[in-house]
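Enquirer: Protein sequences appear in the order of chains A and B.
The first sequence begins at 20 in my numbering and counts up one residue at a time.
The second sequence begins at 114 in my numbering and counts up one residue at a time.
The structure under discussion is supplied below as structure tokens; questions concerning it will follow.
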Amino acid sequence: MKTLKTFSIAGALLLCCAVYSGTASGQAVQKQYVADFGAAFTQATVTKARTGMLGLDLSVGKMLTNGLSVGLAIGYDVASFQKNEGIYARIAIAPVLAKAKYYFTIAPAMQLHAIVAGGAYQTIPHLGTDPIGGISKAGLHPGGSIGVGFDYWRFGRQGLGAEFEYNFFDSGTEDLFSYFALRLNYSIIKM
Amino acid sequence: MTKFGIRALIALAIFAAGLSGCSQEGTLVIKNSASTEFAGFVDGTQVTIDTLGSYETTAYIGKSLAVVGPDHISIIVAGSATTKRAFSEEVTIKSGETTTFQIVDDTGALIFTNMHGRTVNEIAASQCDSLKFGPNLLEEKRTIPPGSTRTIQLDAGCWDIQINYDRDEFLEVVTGVEIEIGQLIEIKWDTNYVYPPPASPAPAR
Chain A
20 MKTLKTFSIA GALLLCCAVY SGTASGQAVQ KQYVADFGAA FTQATVTKAR
70 TGMLGLDLSV GKMLTNGLSV GLAIGYDVAS FQKNEGIYAR IAIAPVLAKA
120 KYYFTIAPAM QLHAIVAGGA YQTIPHLGTD PIGGISKAGL HPGGSIGVGF
170 DYWRFGRQGL GAEFEYNFFD SGTEDLFSYF ALRLNYSIIK M
Chain B
114 MTKFGIRALI ALAIFAAGLS GCSQEGTLVI KNSASTEFAG FVDGTQVTID
164 TLGSYETTAY IGKSLAVVGP DHISIIVAGS ATTKRAFSEE VTIKSGETTT
214 FQIVDDTGAL IFTNMHGRTV NEIAASQCDS LKFGPNLLEE KRTIPPGSTR
264 TIQLDAGCWD IQINYDRDEF LEVVTGVEIE IGQLIEIKWD TNYVYPPPAS
314 PAPAR
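Shown next as structure tokens:
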């Protein structure tokens, strides 16, 4: 059921990409590289998850066309955090993803983008007795993410942006482990 | 920054504020409808519930965002009562709902007191229409010293109770013990004990 929902969301995103298209003007173009430095609020959406916390992420992509970039993303996301009797119970996730971004221009300095990524998620739990989303020990899990975002290009070849990314991976239990990141990005275009 | 950019940031801020209120909880009510006190664990917490009493707890399910995330959780309810055999069951609690779990009698019980001067070593039971006694009903290596009491769970029916006592392991049988689900029968046993049959209704005139 959860997988079906995920693919429905991914389908809707791809449809959005198909409807909107356009050439970026004043933003990254074909053969350029874009690096995004992100700070995010990350929240797990699984059983026993507590309020999330900070995630730090870095992604680097090469523009294959004026709209499509493909690259690598890594991060460290604390998706559940609880202070309980002096113990900081938390679960951190380090994604290593191959990421595709599709940009479409909505104004001279503004773009929207859609994300599809796949790769591996390293879980780093520091928990008490209760597992979170079935995760109680460190492990490497296959998964992926989808997302949408907004970029505002200014300061020459630099930009500020925000994005929402939904990550999911196989936890090895009954349900998918999922978490979202609401991220602010600082981006640099490199020739 | 253009008006569109400002609007987009405001929308994001509202969206972010909305995300913080996505905790999912449900309520579990355990009602003890058994004839005796329940003692056990609910999701790892030790509880005792009096006869006809109840225990209520709020179960934290997790976090969700719109259609994504958990809307239920399973927790373990385990324990026993004198007239309820030991059990361990998984109970599913849905977000925003109250789930009621009922504990009901599923056995009867003998309250056996040793009034004899010697220790009771073993107690076995057989159906009244059977000649074969079953295994020792006392827990391993737990005898009944003089003056002590033990509770022994028995299914509904008519039972003959065999008592093994003293160092010489004498045997004595108490016959015709009728028991029903949820019923407690007290036996203050000594040698030559005769179980009193239930009082029969007065004959109709």
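Just so it is clear, CB atoms sit at the ideal spot from N, CA and C, and this is done for glycine as well.
Bear in mind that the values here come from a model prediction, so they are computed numbers and not experimental data.
1. Which residue marks the beginning of the beta strand (DSSP E) containing P306 (chain B), and which one marks its end?
2. Going along the chain, which residues of the stretch 164 to 178 of chain B sit with their C-beta nearer than 9 Å to a C-beta in chain A?
3. Kindly say whether V233 (chain B), judged by its beta-carbon, lies nearer than 8 Å to any beta-carbon of chain A.
4. Have a look at T161 (chain B) and E150 (chain B) and give me their C-alpha separation to the nearest angstrom.
5. So, are the CB atoms of S206 (chain A) and D170 (chain A) less than 8 Å apart?
6. Mind checking S88 (chain A): buried by the 16 CB within 10 Å criterion, or exposed?
7. Using the C-alpha atoms, what's the distance from V286 (chain B) back to W272 (chain B)?
8. Mapping DSSP to helix, strand and coil, what is R120 (chain B)?
9. Could you work out which residue in A:Y122, A:M129, A:L91 and A:A92 is closest to R120 (chain B) when comparing CA atoms only?
10. Contact criterion: CB-CB distance below 8 Å. Does T64 (chain A) meet it with respect to chain B?
11. So which residues on chain A does I186 (chain B) lean against when the C-beta distance must stay under 9 Å?
12. Would a C-beta distance cut-off of 8 Å place E282 (chain B) and N234 (chain B) closer than the cut-off?
13. Applying the 10 Å Cβ sphere with the 16-neighbour rule, what's the burial state of V290 (chain B)?
14. Going by DSSP in three states, I112 (chain A) sits in which element: helix, strand or coil?
15. For T262 (chain B) and L251 (chain B), I'd like the C-alpha separation in whole angstroms.
16. S197 (chain A) touches chain B at which residues, Cβ-Cβ below 8 Å?
17. Would DSSP call Q266 (chain B) helix, strand or coil?
18. Look at the Cβ atom of T196 (chain B), then the Cβ atom of G230 (chain B), and state whether they are nearer than 8 Å.
19. In whole angstroms, give me the CA-to-CA distance for L201 (chain A) and G166 (chain A).
20. Can you tell me whether DSSP reads P19 (chain A) as helix, strand or coil?
21. Is the shortest distance between the beta-carbon of Y107 (chain A) and the beta-carbons of chain B less than 8 Å?
22. Sorted by chain position, which residues of the same chain lie with C-beta nearer than 6 Å to G162 (chain A)'s C-beta, five sequence neighbours on each side aside?
23. Just mark F246 (chain B) as buried or exposed, buried being the case when its beta carbon has 16 or more other beta carbons within 10 Å.
24. Just to confirm, is the Cβ distance from K151 (chain A) to A47 (chain A) under 8 Å?
25. Taking CB distances under 8 Å as the criterion, tell me whether Y205 (chain A) reaches chain B.
26. Using only alpha-carbon positions, find the residue among A:R69, A:Q49, A:Y52 and A:G175 that is nearest to F60 (chain A).
27. Taking just the CA atoms, how far does D55 (chain A) sit from V190 (chain B)?
28. Establish whether the CB of G134 (chain B) and some CB of chain A are separated by less than 8 Å.
29. Within the 8 Å Cβ cut-off, does Y255 (chain A) reach chain B?
30. Check whether the Cβ atoms of I276 (chain B) and I224 (chain B) sit closer than 8 Å, and answer yes or no.
Expert: In this structure, then:
1. In the second sequence, the residue the question calls residue 306 (chain B) occupies position 193. According to the sequence shown, residue 306 (chain B) is Tyr rather than Pro. It is not in any beta strand (DSSP E) - Y306 (chain B) carries neither H nor E in the DSSP assignment.
2. Y173, I174, G175, K176, S177 and L178
3. Residue numbering aside, residue 233 (chain B) sits at position 120 when the second sequence is read from its first letter. By this cut-off, V233 (chain B) is not an interface position.
4. Taking the first residue of the second sequence as position 1, residue 161 (chain B) is located at position 48. Taking the first residue of the second sequence as position 1, residue 150 (chain B) is located at position 37. Cα to Cα, T161 (chain B) sits roughly 7 Å from E150 (chain B).
5. Position 187 of the first sequence, counting from 1, holds the residue named residue 206 (chain A). Position 151 of the first sequence, counting from 1, holds the residue named residue 170 (chain A). Cβ atoms of S206 (chain A) and D170 (chain A): closer than 8 Å.
6. Residue 88 (chain A) sits at position 69 when you count from the first residue of the first sequence. By the neighbour-count rule (16 or more Cβ atoms within 10 Å), S88 (chain A) is buried.
7. As a first step, residue 272 (chain B) must be located in the second sequence, where it is residue number 159. As a first step, residue 286 (chain B) must be located in the second sequence, where it is residue number 173. In a straight line, the C-alpha of W272 (chain B) is about 10 Å away from that of V286 (chain B).
8. Translated into positions along the second sequence, residue 120 (chain B) becomes position 7. DSSP, read as helix, strand or coil, puts R120 (chain B) in helix.
9. Working through the second sequence from its first residue, we reach residue 120 (chain B) at position 7. Checking every option, the nearest Cα to that of R120 (chain B) belongs to A:M129.
10. Position 45 of the first sequence holds residue 64 (chain A). True, the Cβ-Cβ gap to chain B drops below 8 Å.
11. Against the second sequence, residue 186 (chain B) aligns to sequence position 73. Near I186 (chain B) (Cβ distances below 9 Å), the residues of chain A are T66 and K67.
12. For the purposes of this step, residue 282 (chain B) is taken as the residue at position 169 of the second sequence. For the purposes of this step, residue 234 (chain B) is taken as the residue at position 121 of the second sequence. Yes, the Cβ-Cβ distance between E282 (chain B) and N234 (chain B) is below 8 Å.
13. As a first step, residue 290 (chain B) is located in the second sequence; it is residue number 177 there, counting from the start. Counting Cβ neighbours within 10 Å, V290 (chain B) comes out buried, since at least 16 surround it.
14. Locating residue 112 (chain A) in the first sequence gives position 93, where the first residue counts as 1. Three-state DSSP puts I112 (chain A) in a strand.
15. In the second sequence, the residue the question calls residue 262 (chain B) occupies position 149. In the second sequence, the residue the question calls residue 251 (chain B) occupies position 138. When rounded, the distance between both Cα atoms is 11 Å.
16. Walking along the first sequence from the start, residue 197 (chain A) turns up at place 178. Going along chain B in sequence order, the residues near S197 (chain A) (Cβ under 8 Å) are V181 and G182.
17. Looking up residue 266 (chain B) in the second sequence gives position 153. Strand at Q266 (chain B).
18. Counted from its first residue, the second sequence places residue 196 (chain B) at position 83. Counted from its first residue, the second sequence places residue 230 (chain B) at position 117. For T196 (chain B) and G230 (chain B), no; Cβs fall outside 8 Å.
19. If you number the first sequence from 1, residue 201 (chain A) lands on position 182. If you number the first sequence from 1, residue 166 (chain A) lands on position 147. Answer to the nearest angstrom: the Cα atoms are 10 Å apart.
20. In this structure chain A extends from 20 to 210, so residue 19 (chain A) is not present and cannot be described.
21. Working through the first sequence from its first residue, we reach residue 107 (chain A) at position 88. Judged by the 8 Å Cβ criterion, Y107 (chain A) is not in contact with chain B.
22. Start at 1 with the first residue of the first sequence, and residue 162 (chain A) comes out as number 143. Correct list, in chain order: Y140, F187 and F188.
23. Position 133 of the second sequence, counted from the first residue, corresponds to residue 246 (chain B). Buried is the call here.
24. Residue 151 (chain A) sits at position 132 when you count from the first residue of the first sequence. Residue 47 (chain A) sits at position 28 when you count from the first residue of the first sequence. The question names Lys, but residue 151 (chain A) is Ile in the sequence shown. Cβ atoms of I151 (chain A) and A47 (chain A): not closer than 8 Å.
25. One-based indexing of the first sequence puts residue 205 (chain A) at position 186. Not one chain B Cβ lies under 8 Å of Y205 (chain A).
26. As a position in the first sequence, residue 60 (chain A) is number 41, starting the count at 1. Closest in alpha carbon position to F60 (chain A), among A:R69, A:Q49, A:Y52 and A:G175, is A:R69.
27. For the purposes of this step, residue 190 (chain B) is taken as residue 77 along the second sequence, with counting starting at 1. For the purposes of this step, residue 55 (chain A) is taken as residue 36 along the first sequence, with counting starting at 1. Their Cα atoms are separated by approximately 49 Å.
28. Here residue 134 (chain B) is taken as the residue at index 21 of the second sequence, counted from 1. Residue placement at G134 (chain B) is flagged as unreliable, the pLDDT there being 46, under the threshold of 50; the coordinate-derived value follows with that caveat. Not closer than 8 Å to any Cβ of chain A, the Cβ of G134 (chain B) fails to qualify, so no.
29. Limits of chain A in this structure are 20 at one end and 210 at the other, which puts residue 255 (chain A) out of reach.
30. Residue 276 (chain B) sits at position 163 when you count from the first residue of the second sequence. Residue 224 (chain B) sits at position 111 when you count from the first residue of the second sequence. No. Outside cutoff.
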